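*Asks:*
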Amino acid sequence: MTHGTPAPVVVADDGSPWGEAALRWAAEHAASTGAPLEVHLPTADPVHDLMLAGSRAGLLVVGYRGANGTSLGLGRLVLPLVKHAVCDVVVVRGTAEALRRTHRRVTVLLSGDVADDDLALARTVAYAEGQHVALRVLHATPSLPVRADDPVWPVAHADDVLRGTHHTSVLARMHPHEAITRYADTDLLVLAGRGPATRTALHHAPCPVLVAHRYPADVAASPSAEHERAVHAVR
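So in my numbering, spot 102 of the sequence shown is number 278, and the numbers just go up one at a time.
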């Protein structure tokens, strides 16, 4: 990879409908950012191989269900990758409108954790500026019972971080899964962390979900021969 070339977008395609949707989403994103695209076909150990590929990727893209979906509604790749990948992960799901990116909006879902929210905000700004789309900040918290912490503060903090960046902010007095459904006019939902908000988004979001990751990690193992055969680099 030459100096200055973006890290590759890695996508898992198992031939299922959501695998194909992930491939289309990843291809469009790679084309719009100038990043190489790597398509990974199924292997004997797809989680290991995708984790390995993710160690040198800028983004890892998977469909929310594959050929072997679970009763929880998430494919067997999703949770391990979201939890352990060392790069950002996009889980492709949602409505046809969101998959076609017709809303021209990206939404960041705040959790109230400063470090996680700052990371998610940074990713959201980068996406909004790169794709020339509107940016919305969403924080969902039920009005009852009374909370000891200030539910307005995460939105105020986000507004301060985004000062000078055009955006809209919403404090939704409802549970996160209700807010995600209510504010469905978005093409991408961005968040960070591994808490309840992330799990809610993975199960309920009406659009692809980007889970931001903070720290890279060393992956010492080298790809297997099967892994190499499964990789198709698309320049």
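Every residue, glycine too, gets a C-beta built ideally from N, C-alpha and C.
As the structure is a computational prediction, the values presented were derived from the model and not from experiment.
1) Please classify residue 195 as buried or exposed, where buried requires at least 16 other C-beta atoms within 10 Å of its C-beta.
2) Going by CA-CA distance only, name the one from 298, 191 and 218 that's closest to residue 264.
3) According to DSSP, is residue 224 part of a helix, a strand, or is it coil?
4) Would you kindly report the start and end of the unbroken alpha helix (DSSP H) that includes residue 300?
5) I'd like to confirm the pairing. Which residues does DSSP put opposite residue 316 in its beta bridges?
6) Smallest Cα separation from residue 230: which of 242, 292, 241 and 253?
7) Let me make sure I understand the geometry here. Which of 238, 301 and 342 has the alpha-carbon closest to that of residue 284?
8) Please name the residue, chosen from 314, 305 and 180, that lies closest to residue 340 on a Cα-to-Cα basis.
9) So, residue 279 versus residue 361, is the Cβ gap smaller than 8 Å?
10) For residue 378, which residues does DSSP report across the bridge?
11) Starting from residue 188, follow the beta strand (DSSP E) in both directions and report where the run begins and ends.
12) Considering Cα atoms alone, identify which of 181, 209, 182 and 267 is closest to residue 188.
13) For the beta strand (DSSP E) containing residue 283, name the first residue and the last one.
14) The beta strand (DSSP E) with residue 235 in it runs from where to where?
15) Would residue 220 pass as a contact of residue 186 if the rule is Cβ separation under 8 Å?
16) Looking only at its own chain, which residues have a Cβ that is under 8 Å from the Cβ of residue 211, when we skip the five neighbours before and after it?
17) According to DSSP, simplified to helix, strand and coil, what is residue 267?
18) Considering only heavy atoms of the ligand FMN, does any lie closer than 7 Å to the CB of residue 272?
19) Classify residue 217 as helix, strand or coil using the three-state DSSP reduction.
20) For residue 368, which residues from the same chain have a beta carbon less than 6 Å from its beta carbon, with the 5 sequence-adjacent residues on both sides left out?
21) Between the Cα of residue 354 and the Cα atoms of 199, 381 and 310, which residue gives the shortest distance?
22) CB residue 384 to CB residue 312, shorter than 8 Å?
23) If the criterion is Cβ atoms closer than 8 Å, does the pair residue 281 and residue 335 meet it?
*Replies:* With the structure as the only source:
1) buried
2) 298
3) helix
4) 290-307
5) 348
6) 253
7) 301
8) 305
9) yes
10) DSSP, once it has assigned bridges, lists no residue as partnering residue 378.
11) 185-188
12) 267
13) 281-285
14) 235-239
15) no
16) 181, 182, 183, 184, 185, 205, 234 and 235
17) strand
18) You won't find the ligand FMN in this model; it holds no ligand whatsoever.
19) coil
20) 292, 295, 296 and 388
21) 381
22) no
23) no
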